[in-house]
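If you read the protein sequences in the order shown, they are chains P and B.
Each residue of the first sequence is one higher than the last, beginning at 0 in numbering that gives the first Met the number 0.
Each residue of the second sequence is one higher than the last, beginning at 0 in numbering that gives the first Met the number 0.
In this text, a Cβ means the ideal position worked out from N, Cα and C, and glycines have one as well.
Everything numeric in this text was worked out from a predicted model, so none of it was measured.
Report on the structure given below.
Protein chains: 2
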Amino acid sequence: MNALILIVEDEEDILELMEFNLGREGFETIGFLNTKRVHEVLSEENVDLILMDRNLPGTEGSEYIASLRRQGINIPVIFISAKDKDEDIEQGFERGGDDYLTKPFSMKELILRVKAILRRTKKSPNEGNSTYRDITLNLASRTLMIENSLIELTKLEFDLLYALISNQNIVLDREYLLEHVWGSDEVYQDRTVNVAINRLKEKIDPDKSKEYIKTVRGVGYTLC
Amino acid sequence: MNALILIVEDEEDILELMEFNLGREGFETIGFLNTKRVHEVLSEENVDLILMDRNLPGTEGSEYIASLRRQGINIPVIFISAKDKDEDIEQGFERGGDDYLTKPFSMKELILRVKAILRRTKKSPNEGNSTYRDITLNLASRTLMIENSLIELTKLEFDLLYALISNQNIVLDREYLLEHVWGSDEVYQDRTVNVAINRLKEKIDPDKSKEYIKTVRGVGYTLC
DNA sequence: AAGTATCGTCACAATTTGATTACAATAGTT
DNA sequence: AACTATTGTAATCAAATTGTGACGATACTT
């Protein structure tokens with residue numbers, strides 16, 4: 000999954016150049032000429048890094064970032080600005096910037112700094128995250144994302160999906176599931192699993208178009 | 000708990016200047032004129048950040064860092080070097096640097112960059128101030144501000160909110176909370192947490208309009 | 001194609017869980 | 001010591017979750 004970088008830069012040609020170069024490195028980019036629709040996107044998309052110009056029409060970039068920080072939005076930010084005085088740089092960092100690049104800047108250096116930040120902040124693959132196709136399970140927050148939309152699961156449903164997702168390509172029989180998901184002390188019927196699987200399917204694929212969970216007749220269920 | 004910064008710089012007067020300025024900002028520092036004893040210290044002390052010169056007697060700083068990285072040591076590194084060519088900077092980042100400052104540099108900027116990196120990588124929340132949405136916890140004065148108005152919390156309530164706020168997006172189960180907020184010596188019931196959470200909710204959101212704390216049925220509570 | 005075993009689905013009941021309130025116990029203050 | 005604030009526990013209520021049985025649908029076998 001490629002990192003998503005949001006760019007705010009009011010000079011259209013510079014913006015294009017940045018998007019082109021970052022895109023060539025395999026990053027996804029969303030560019031804006033001002034901050035108007037940024038907040039909207041931040042709440043909808045999973046942005047990994049923000050590149051922010053400071054001299055923007057209307058808003059001042061670093062003030063905008065400061066307001067994001069006050070809202071508890073801690074996405075990493077690199078300021079890219081012609082403001083190169085010591086006080087300017089100080090202000091940029093104090094308002095929550097992670098790095099500060101002064102114009103004119105080299106594309107190469109920008110890319111290096113982008114990578115350095117993402118290397119630290121982007122959740123390294125499968126650290127607390129389990130994925131299968133377009134499903135992402137986050138263990139810590141106990142949340143399920145399917146195609147960037149959040150789906151609420153009950154505890155049982157979550158544990159069940161986690162068992163399946165961490166045993167991809169392995170058919171889990173009902174006995175195994177009852178023991179590992181439900182817990183071994185109580186005694187349940189095999190049908191209990193059927194119904195639970197069903198309720199899970201209904202939540203993660205209401206249209207029945209994805210077929211995430213495959214039934215293996217006579218044995219159990221699997222994600223494959 | 001102050002951050003510990005390890006510095007390798009072969010020019011003695013620059014090293015002293017750096018230690019003096021960083022010390023004045025409240026950082027602990029350990030300075031070296033070469034890399035000889037660095038590894039030893041890294042294994043004994045809990046170093047939060049390394050400031051590394053490149054032109055050192057004997058070793059080349061960035062090569063030394065590269066070897067640390069190969070050993071799985073991922074302490075953040077800021078290179079501080081007179082090598083300012085594009086290729087030099089590229090090499091610095093590729094060998095595992097998090098930032099690159101070219102000599103001559105301003106102490107102010109160094110401190111800002113140090114803080115920016117520690118803000119992200121150090122586990123402890125930044126400077127005793129934790130925020131979430133419009134909530135601000137001040138650890139030093141143990142006070143809580145919500146939308147510019149002061150709210151009084153009891154010790155338990157404060158500690159509980161602090162646990163939640165410093166683990167945003169992570170569901171904390173009752174066992175964890177009892178151990179970390181209440182303390183592990185005594186034995187309490189799980190319900191105790193419910194009641195405490197309730198009292199906290201009542202104080203921080205009497206109208207029940209904000210929904211700061213989310214209940215995760217069957218698991219625990221989270222701020223998200 | 002018919003028969004059988006297995007599974008999906010639905011409705012309902014049982015259970016679990018959390019919120020809330022009241023009250024008792026404890027600690028800290030005057 | 002009396003008072004107050006704080007906190008743990010128990011009881012009650014409401015709600016979400018989950019287990020079960022019934023039955024139709026589906027897949028597999030012959």
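For chain P, check one thing: does any of its Cβ atoms lie closer than 7 Å to the Cβ of residue i?
i         : result
Glu-185/B : no
Gly-25/B  : no
Pro-104/B : One point to set straight first is that residue 104/B is Phe, not Pro, in the sequence displayed. Not one chain P Cβ lies under 7 Å of Phe-104/B.
Ile-88/B  : yes
Lys-107/B : yes
Ala-2/B   : no
Phe-92/B  : yes
Gly-127/B : Note that Gly-127/B scores 45 on pLDDT, short of 50, meaning its location in the model is unreliable; the coordinates nonetheless yield the value given after this. No, because no Cβ of chain P sits closer than 7 Å to the Cβ of Gly-127/B.
Ser-123/B : Residue placement at Ser-123/B cannot be trusted, given a pLDDT of 37 that sits under 50; what the coordinates show is reported in the next sentence. Chain P contact via Cβ: absent.
Where residue i and residue j are concerned, what is the direct C-alpha to C-alpha distance, given to the nearest angstrom?
i         : j         : result
Leu-222/P : Lys-209/P : 11 Å
Leu-3/P   : Thr-28/P  : 6 Å
Leu-159/B : Ile-212/B : 11 Å
Pro-124/B : Arg-53/P  : Its pLDDT being 37, under 50, Pro-124/B is placed unreliably by the model, and the measurement read from it follows with that caveat. Cα to Cα, Pro-124/B sits roughly 27 Å from Arg-53/P.
Gly-22/P  : Thr-101/P : 21 Å
Gly-96/P  : Tyr-99/B  : 16 Å
Thr-120/P : Glu-185/P : 42 Å
Glu-11/B  : Asp-47/B  : 22 Å
Met-144/B : Glu-8/B   : 43 Å
Leu-117/B : Leu-50/P  : 20 Å
Glu-201/B : Leu-138/B : 21 Å
Thr-142/P : Arg-69/P  : 24 Å
Leu-152/B : Ile-150/P : 34 Å
Ile-13/P  : Lys-114/P : 19 Å
Ser-66/P  : Ala-65/B  : 37 Å
Val-192/B : Arg-198/B : 10 Å
Ser-140/B : Glu-93/P  : 22 Å
Leu-155/B : Arg-216/B : 22 Å
Ser-277/B : Ser-129/B : Since the first and last residues shown for chain B are 0 and 223, residue 277/B lies out of range.
Lys-82/B  : Leu-111/P : 16 Å
Pro-103/B : Leu-109/B : 11 Å
Tyr-63/P  : Leu-41/P  : 13 Å
Leu-136/B : Glu-178/B : 21 Å
Lys-107/P : Asp-85/B  : 8 Å
Asn-20/B  : Asp-204/B : 43 Å
Ser-80/P  : Glu-15/B  : 32 Å
Which chain B residues sit within Cβ distance under 8 Å of residue i?
i         : result
Ser-140/P : Asn-168, Ile-169, Val-170, Thr-221, Cys-223
Quick one: which chain P residues come within Cβ less than 8 Å of residue i?
i        : result
Asp-96/B : Rather than Asp, the amino acid found at residue 96/B in this sequence is Gly. By Cβ distance, chain P contributes Ala-115.
Asp-85/B : Ser-105, Lys-107, Glu-108
Tell me, please, whether the CB atom of residue i is closer than 7 Å to any CB atom in chain B?
i         : result
Leu-111/P : yes
Does the ligand ADP have even one heavy atom less than 6 Å from the beta-carbon of residue i?
i        : result
Met-17/P : Ligands in the displayed structure: none, and consequently the ligand ADP is not present.
Which chain B residues are close to residue i, counting only those with a beta carbon under 7 Å from its beta carbon?
i        : result
Gln-70/P : Arg-132
Tell me which residues share the same chain as residue i and place their Cβ nearer than 6 Å to its Cβ, disregarding the 5 neighbours each side in the sequence.
i         : result
Gly-219/P : Val-170, Leu-171, Asp-172, Arg-173
Gly-91/B  : Ser-61, Phe-78, Tyr-99
Ile-196/B : Tyr-220
Asp-189/P : Arg-173
Glu-146/P : Asp-133
Leu-163/P : Leu-222
Glu-18/B  : Thr-28, Gly-30
Pro-75/B  : Leu-48, Asp-97, Ile-116, Thr-120
At a CB-CB cut-off below 9 Å, which residues of chain P make contact with residue i?
i         : result
Arg-119/B : Asn-73, Pro-75, Asp-97, Ile-116, Arg-119, Thr-120
Could you work out which residues of chain B lie near residue i, taking near to mean beta carbons separated by less than 9 Å?
i         : result
Lys-154/P : Val-215, Arg-216, Gly-217, Val-218
Using a Cβ-Cβ cut-off of 7 Å (strictly less than) and excluding sequence neighbours within five positions of residue i, which residues of its own chain qualify?
i         : result
Trp-181/B : Tyr-187
Ile-88/P  : Tyr-99
Gln-167/P : Tyr-131, Leu-222, Cys-223
Asn-1/B   : Gly-25, Phe-26, Glu-27
Asn-45/B  : Leu-3
Thr-214/P : Tyr-220
Thr-34/P  : Val-7, Leu-55, Thr-58, Tyr-63
Please work out which residues of its chain come closer than 8 Å, Cβ to Cβ, to residue i, disregarding the five sequence neighbours upstream and downstream, and give them in chain order.
i         : result
Leu-224/B : Nothing about residue 224/B can be reported from this structure: the residues present for chain B run from 0 to 223 only.
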